[in-house]
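Residue numbers (the working numbering): 24 to 363.
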């Protein structure tokens, strides 16, 4: 069962869609505080590309190269084994080794960055992350004072794009160099290993309620997302003939929450994390449905190792309330940012 609501803010949460366990929309409508009747959002809604708008009929340009739901399910099951946990941990640890101040200066060639006149030059390394944390802490306290409930304030923060991050302008979105991937994320200045590149947006927040085998979920749309950009359950979970599901742009925060980035909202360089592609492919097309467990493990092992090898960035959680993309290798200006 899935309920769709608006994020908690001064405009108040508003219910936009309630679905029963079989996926059918409830016929009940709710009236938001604004006075406009909000019924179930049915029918096809196209995910537009460019200028941060959502327009019907616009061509989709995917921002992530993802696995199908079936493949991801198999991979997730395999990831639970100790072998894959150790494999990924060891590979990630070897790839991520923040450089010393000396090596950082050598990489940057003695200058702040290739884009030496950019706003981001004022904040580098630890200073940059500290500044992000400062903005995050301030906004978190504002929401807590305003809403009076820690969980509600956290959900509001997770389903938002923070104001005041205009200094985080180190990347851009353009056609990926990976065949079939659509758009990708590219550095516009040299980014040393260990430094923040951009944030992962919380345009929607998926909350899992209950425990055990219960499938009760609440989808909270950020207050900053325009009504025309809000998608129905089909577009969110299954996608359409021409568009991937919105869950393709999700990042798991913990056992209860996942944040989803909207591929149409591409006008804020501080929140480009959902455009970072996986540099490897799981090779689903070359694997038959009847493949045995050993073959599946071998193929996924190969995929994971290749993905980690190509990756030059990873995602990290800050203060349990925001996700950032961090360089795991030195990234040159013009280089595509890849994650695993």
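Note that the Cβ used here is the ideal one computed from N, Cα and C, for glycine as well.
Quiz item: Cα separation between residue 328 and residue 345?
Solution: In this model, residue 328 and residue 345 are separated by some 27 Å (Cα to Cα).
Self-check item: residue 218 classed as buried or exposed, judged by whether at least 16 other C-beta atoms fall within 10 angstroms
Solution: Label assigned to residue 218: buried.
Quiz item: Name the DSSP bridge partner or partners of residue 196?
Solution: Under DSSP, residue 196 takes part in a beta bridge, and its partners are 208.
Practice problem: Leaving aside the five residues before and after residue 248 along the sequence, list all residues of the same chain whose C-beta is less than 6 Å from its C-beta, in chain order. | Solution: 226
Practice problem: Evaluate residue 202 with the Cβ neighbour count: other Cβ atoms within 10 Å of its Cβ, from every protein chain shown; 16 or more gives buried, anything less gives exposed. | Solution: exposed
Exercise. Tell me, to the nearest whole angstrom, how far the beta carbon of residue 182 is from that of residue 243; I am working on the premise that it is less than 8 Å.
Key: 5 Å
Quiz item: Looking at the C-beta of residue 206, does it have a partner C-beta in chain B at a distance below 8 Å?
Solution: Going by chain labels, chain B is absent from the structure shown, which holds only one protein chain.
Quiz item: With 16 as the cutoff for other CB atoms within 10 Å, does residue 204 come out buried or exposed?
Solution: buried
Exercise. Report yes if the CB atom of residue 272 is closer than 8 Å to the CB atom of residue 196, and no otherwise.
Key: The answer is no: Cβ separation not under 8 Å.
Practice problem: Give the secondary structure of residue 191 by DSSP, where H, G and I count as helix, E and B as strand, and everything else as coil. | Solution: coil
Quiz item: Of the residues 222, 342 and 160, which one's Cα is nearest the Cα of residue 192?
Solution: 222
Self-check item: Limits of the unbroken alpha helix (DSSP H) element including residue 175
Solution: 173-181
Practice problem: For residue 358, I'd like the list of residues in its chain whose CB is within less than 8 Å of its CB, leaving aside the five on either flank, ordered along the chain. | Solution: 209, 210 and 335
Quiz item: By how many angstroms is the C-alpha of residue 301 removed from the C-alpha of residue 89?
Solution: At residue 89, the pLDDT of 44 sits below 50, so the modelled position is not reliable; the number obtained from the coordinates is stated separately. Rounded to the nearest angstrom, the two C-alpha atoms are 7 Å apart.
Self-check item: residue 330 (DSSP reduced to helix, strand or coil)
Solution: helix
Exercise. Kindly confirm or deny that the stretch 316-333 and the stretch 170-186 touch, where touching means at least three C-beta pairs closer than 8 Å.
Key: no
Exercise. Evaluate the contact criterion for the stretch 257-269 versus the stretch 313-323: three or more CB pairs, one atom per stretch, below 8 Å.
Key: no
Self-check item: Segment limits, beta strand (DSSP E) that includes residue 293
Solution: Where residue 293 is concerned, there is no enclosing beta strand (DSSP E), given that its DSSP letter is neither H nor E.
Quiz prompt | Between the CA atoms of residue 275 and residue 59 - distance to the nearest angstrom | solution = Residue confidence is low: residue 59 scores 26 on pLDDT, short of 50, so the model does not pin down where it sits. No coordinate-derived value is stated.
Quiz item: How would you label residue 351, buried or exposed, when you count the other beta carbons within 10 angstroms and need 16 or more for buried?
Solution: buried
Quiz item: What residue does the beta strand (DSSP E) around residue 338 start on, and which one ends it?
Solution: 336-341
Quiz item: Considering only residues of the same chain and omitting the five flanking positions on each side of residue 231, which have a CB-CB separation below 6 Å?
Solution: 240 and 279
Quiz item: If residue 172 and residue 341 are in contact, beta carbons under 8 Å, what's the gap, nearest whole angstrom?
Solution: Going by Cβ atoms, the distance from residue 172 to residue 341 rounds to 21 Å, so no, they are not a contact pair.
Practice problem: Kindly indicate which residue of 161, 220, 189 and 198 has the alpha-carbon position closest to the one of residue 180. | Solution: 161
Quiz item: residue 166 by DSSP, collapsed to three states: which one?
Solution: If DSSP states are grouped into helix, strand and coil, residue 166 belongs with the helices.
Self-check item: Reference residue 333; option with closest CA among 255, 360 and 343
Solution: 360
Practice problem: Return the residue from the list 228, 207 and 198 that minimises the CA-CA distance to residue 298. | Solution: Closest option to residue 298, Cα to Cα, is 207.
Practice problem: Ignore the nearest five residues each way along the sequence and tell me which others in residue 338's own chain have a CB closer than 8 Å to its CB. | Solution: 223, 274, 296, 346, 347, 348, 349 and 362
Quiz item: Going by DSSP, what residues sit across from residue 300 in a beta bridge?
Solution: 361
Self-check item: Residue of 303, 266, 158 and 354 minimising C-alpha distance to residue 189
Solution: 158
Quiz item: Where in the stretch 216-266 do unbroken runs of the beta strand (DSSP E), each at least 3 residues long, occur, reported from the N-terminal end onward?
Solution: Segments of the beta strand (DSSP E) lying fully in the stretch 216-266: 219-223, 227-232 and 239-244.
Quiz item: Where does the unbroken beta strand (DSSP E) through residue 348 begin, and where does it stop?
Solution: 345-350
Exercise. Give me the Cα-Cα distance between residue 55 and residue 251, rounded to the nearest whole angstrom.
Key: Since pLDDT at residue 55 reaches only 30, below the 50 mark, its modelled position is unreliable, and no value is offered.
Quiz item: Between which two residues does the beta strand (DSSP E) containing residue 283 stretch?
Solution: 280-283
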